[in-house]
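Below is one structure, written out as structure tokens, with a few remarks after it.
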Amino acid sequence: MNMNEEQNRYLVFTIGGESYGTPLLAVREVVEYQKPKFMPNMADHFSGVINIRGSIVGVVDLRSKFRVTTEKENNQSLLICDTEQGPIAAVVDKVEAVVGLDDEAIEKNPPIQSKVQQEHLIGVAKYKDQLVTVIDLLKTLSTDKITKN
Amino acid sequence: MTFVMSALDTSLLEIFATEASDLVDQWESICLSLEKDPGTEKLNELFRIAHNLKGSSRAIGLLPFGDFVHIVEDAITAARDKEIETTSELISVFLKTHSVLHEWVKQMLPNPTYNPDTSFIANEVHRILNTKGHKSESSHSETVSTEKNESVAQVTTEEAFIPPTGQGVQKAPPTTASKTADETIRISTKKLDQLLQMIGELSIHQTIIWHSGMKQVGAEKTATNAAHLSRKLTKEIYEQAMSLRMQPVQQLFQRLERTIRDLSKDLNKQIDVSVRGGEVELDKTVLERIIDPLTHIVRNSADHGIEKPEERTSAGKTAVGTVSIYAQQDPDGVSIIVEDDGKGLNQKRIFEKAVEKGIIASDAKLSSDDMVNLIFMPGFSTAESITNVSGRGVGMDIVKKAVTDLSGTINVKTEPGKGTKFIITLPTSLSIVEALIVGLGESQYAIPISALEEVIDLSDCEKNPSGEMILLRGNVIPLQKLNRYLPHPLLTSEKTNSNKALITRIEKERVAFTIDNIFGQQQIVVRQLRGGLAEAFGFCGGTILGTGEPGMIIDLPLIARTYLERTRKKEVAA
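Structure below.
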């Protein structure tokens, strides 16, 4: 396991009790949860906007996007990702760890049903006996439509 | 002939490049001015610049540069001493020299071995000098140029600057809004000193506050006072720092003047350029982003607007066409106007084209002003021939987008046979605007004061029974609930009991919008919205409010226009 290779590092987080992972490079920073300020005329899974050091950043509720129905936890976190169109924040329940996963450790085309769209699914891996759905969060957020119409 | 750049040379090179860049700009300015109005004094100035460039470049070891300037300097001297005439042809040579020098200065830092082939200019200079029997005293420079030609053959094609022959081939003026190595900016020392002064004052207040914190007793008044003054100062400091970024538009205009001049030569047209208001200032970013749209407009004027001399005279006009470019300072922004006395835009043709492209319905009723502004719609082009010069005219919608991205507006007016006029307005500062902080339900928003015509108390005016109209000083104005356009899922519009309304004007029509609260007026720093946020309906930016929360900036004119469109459609359908 080559922990030094940037592209093999994944950020593991939980949403609704399930573990997800995404390439670490996609995440610019992780910040404490800020209650987003409401913004009208936006999609249902869009929570609002927050202030990150003077910049206005939109917040996407991944729970809503992945249609998670379990109880919301306190102490959620925000992952800030830099898409080509600008930064976007994603709400997650808890950030677990940064792990190194070799290519072989990720099983592509797993025979499971995922809440994530197929194109954004990288595969499935194992971390501490947990099944981690590895997704391309950056791609998910880049292609996500946050406006209503 | 190559030279090795040592570390010392690189820093000298940077200094030279910065100074040379200025000198080269002045060179162009003098040449353009020479063309309109020849004079010995201008030739003297040009000579001084050439001499300066020659000397400094040689001093730091940039021999090819110096040698090239030397060749042209001979021509300048000959013209100044009246041994040859200052013809338009000669000035063209000087301007071509400018293009070479401009590119050279740009390339010398990232690319120290840059050494373009300047023989085409050297040859023209020698030819011109020889026609007057003036023996070129720089036989040395002749051998130099042949040597250079040999070494140039070894330079890779990427590095050799192959200039166009100028035979009607579009020669792009030195690059405009590119991300050049030039990350420096010229600022007024006066502004800088004022800024330093303010920062000094601020630090004094900060010290007072800090000390008061230490003492903890009896120091509140001084501390509060200092905090209050600090806040004021910080605002002023921000504004002052932002104003450092303001640059006169003259540099922009010079670029445009050059473009027109070069084009008129290529197209065999006679175009006089009149420029005014060069001292008006715009933010550096705005300048960088407006140059391409303006270049496009100006190219269109020269290519499609101004007619060939024969056409003009047979139409009873002067053979020489005029393109006027002027800037004027308005209360909250700058207007840039480009006007030509060419053949104007063909409104009928524009309308037909718009119908053809499905942009409007064939039975649409438009005023002639509206019709002409159709050229800004995407997918539009009426260029009869797609010339190399101005392309397909696909630019107009992109021009408009570039202007609106800068929070500006663009309009065109035309008179067939007489000419065309483009009016661009730009806000002075991209960033700071005066805004009203309003409340809609639980949310706070900012609305730029410039969008508001009036703020009224609804209890002062009559409403019609349905509440959709008000009578204000004898005028009927439609009334809308603003939160209908910016709905909050939890609050229904029925709950609101607001008696305040904002009135905005769209050309001749006014619309009033009710809001729940007005919190006050303040200056806000506008943050551009990016990505999906920028596409959100009803907003034109964001800001950070005093509470530290983000506050969206409402685009009230857009909402008003949306309302007006809807009612117009309803009327048409009825």
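Protein chains in written order, with my numbering: chain A, -10 to 138; chain B, 365 to 938.
We treat Cβ as the ideally placed atom computed from N, Cα and C, and that holds for glycine.
Per-residue DSSP class, three states only, for residue i
i             : result
residue 28/A  : coil
residue 22/A  : coil
residue 744/B : coil
residue 664/B : helix
residue 904/B : strand
residue 506/B : Only weak support is given to the placement of residue 506/B: the predicted model assigns it a pLDDT of 41, under 50, and the question is left unresolved by the model.
residue -2/A  : strand
residue 10/A  : strand
residue 461/B : helix
residue 893/B : coil
residue 427/B : helix
residue 70/A  : strand
residue 832/B : coil
residue 35/A  : strand
residue 880/B : coil
residue 756/B : Summary for residue 756/B: the model assigns pLDDT 42, below 50, so the residue's position carries little reliability; its value from the coordinates is reported in the next sentence. Here residue 756/B sits in coil by DSSP.
residue 564/B : helix
residue 522/B : Here the model assigns residue 522/B a pLDDT of 34, short of 50, so the residue's position is not dependable and the matter cannot be decided.
residue 647/B : strand
residue 76/A  : strand
residue 623/B : helix
residue 56/A  : coil
residue 474/B : coil
residue 554/B : helix
residue 40/A  : strand
residue 612/B : strand
residue 885/B : strand
Within chain B, partners of residue i - CB distance below 8 Å
i             : result
residue 134/A : 896
residue 72/A  : 895
Under 8 Å by beta carbon: chain A residues contacting residue i
i             : result
residue 726/B : Near residue 726/B there are no residues of chain A at all, since even the closest Cβ is about 28 Å away, more than 8 Å.
residue 680/B : Going along chain A, no residue has its Cβ under 8 Å from residue 680/B, so there is no contact; the nearest lies around 53 Å.
Those residues which DSSP pairs with residue i across a bridge
i             : result
residue 773/B : 789/B
residue 606/B : DSSP output for residue 606/B lists no bridge partner at all.
residue 112/A : 123/A
residue 16/A  : 70/A
residue 688/B : 638/B and 703/B
residue 96/A  : 113/A
residue 921/B : DSSP output for residue 921/B lists no bridge partner at all.
residue 698/B : 693/B and 790/B
residue 136/A : 31/A
residue 783/B : 779/B
residue 915/B : 907/B
residue 936/B : Looking at the DSSP assignment, residue 936/B forms no beta bridge with any residue, so it has no partner.
residue 874/B : 869/B
residue 808/B : 803/B
Beta-carbon proximity of residue i to residue j, cut-off 9 Å
i             : j             : result
residue 906/B : residue 891/B : yes
residue 771/B : residue 790/B : yes
residue 484/B : residue 410/B : no
residue 123/A : residue 135/A : no
residue 831/B : residue 882/B : no
residue 613/B : residue 719/B : no
Residue i - containing beta strand (DSSP E), residue span
i             : result
residue 421/B : From DSSP, residue 421/B is part of no beta strand (DSSP E) but of the alpha helix (DSSP H) over 404 to 423.
residue 817/B : Premise fails: residue 817/B is in no beta strand (DSSP E) and is neither H nor E.
residue 844/B : 839 to 845
residue 83/A  : 83 to 89
residue 50/A  : 44 to 50
Cross-chain neighbours of residue i in chain A, by beta carbon under 9 Å
i             : result
residue 852/B : 27 and 29
residue 891/B : 43, 44 and 45
residue 421/B : Under the 9 Å cutoff, chain A gives no residues; its nearest Cβ is about 42 Å from residue 421/B.
residue 807/B : 26, 27, 28 and 29
residue 902/B : 29 and 30
Partner residues on chain B for residue i, Cβ-Cβ distance less than 7 Å
i            : result
residue 75/A : 894 and 895
Contact set between residue i and chain A, taken where Cβ atoms lie within less than 7 Å
i             : result
residue 914/B : 26, 38, 39, 40 and 45
residue 899/B : 136
residue 573/B : Near residue 573/B there are no residues of chain A at all, since even the closest Cβ is about 22 Å away, more than 7 Å.
residue 908/B : 40 and 43
residue 564/B : By Cβ distance, chain A contributes nothing, its closest Cβ being about 25 Å from residue 564/B, past 7 Å.
Unbroken alpha helix (DSSP H) run spanning residue i, endpoints
i             : result
residue 673/B : 673 to 678
residue 491/B : 483 to 495
residue 583/B : Run containing residue 583/B: none; DSSP gives neither H nor E here.
residue 720/B : 711 to 720
Contact test: residue i Cβ vs the ligand PLP heavy atom, cutoff 8 Å
i             : result
residue 436/B : Judged by which ligands are present, the structure shown has none, so any question about the ligand PLP falls away.
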